[in-house]
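The sequence shown maps to residues 173 to 291 in the numbering used here. As structure tokens, the structure follows; a few thoughts come after it.
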Amino acid sequence: MKQHHVPELNDQGRAIFLRDHVGVGFDATNMVTRLALVSEDSGVCSAFAGQANASEIGPMLAATTKARGLDLVQTSGKETTSATSSFYKIKVKDHLYRLVVSSNPIPNASVQAAITLAP
173 MKQHHVPELN DQGRAIFLRD HVGVGFDATN MVTRLALVSE DSGVCSAFAG QANASEIGPM
233 LAATTKARGL DLVQTSGKET TSATSSFYKI KVKDHLYRLV VSSNPIPNAS VQAAITLAP
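Next comes the structure, spelled out in structure tokens:
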């Protein structure tokens, strides 16, 4: 991220997105959306989007992983009044990861979608 001149999160951003976890976060806000990228020292990585169309996330994820030759398998999904989450397994090289995609149906919420990858 530093090679692309993406700034680290400020103290307030770190408090919101890293909480008490050890790692680094970046403010990758762009012309499309507010975006925070977080990499925890435990190996968990997350992206938080301020604006997102929930119906486009799954197809975009499937197309992106397929284009890179990765095997993405949906294991389950859950919809509540406060969020919709889809759970996947993805194999990258010889490593199996868990991937969770969550979207927020509440209009004007500060985070509309999050994608988290964990070992």
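Here a beta-carbon is modelled for each residue, glycine too, at the ideal position from N, C-alpha and C. Please read all numbers here as calculations on a predicted model, not as lab measurements.
Locate the beta strand (DSSP E) running through Leu271, then write down its first and last residues.
His267 to Ser275
Would you kindly work out how many angstroms separate the C-alpha atoms of Ala255 and Pro277, rounded to a whole number?
6 Å
Any idea which residues DSSP pairs Leu306 with across the strands?
Because the chain is modelled from 173 through 291, residue 306 falls outside the range shown and cannot be assessed.
Report the three-state DSSP secondary structure of Ser227 (helix, strand or coil).
helix
Best match in Lys261, Val283 and Ala226 for proximity to Leu289 [C-alpha to C-alpha]
Lys261
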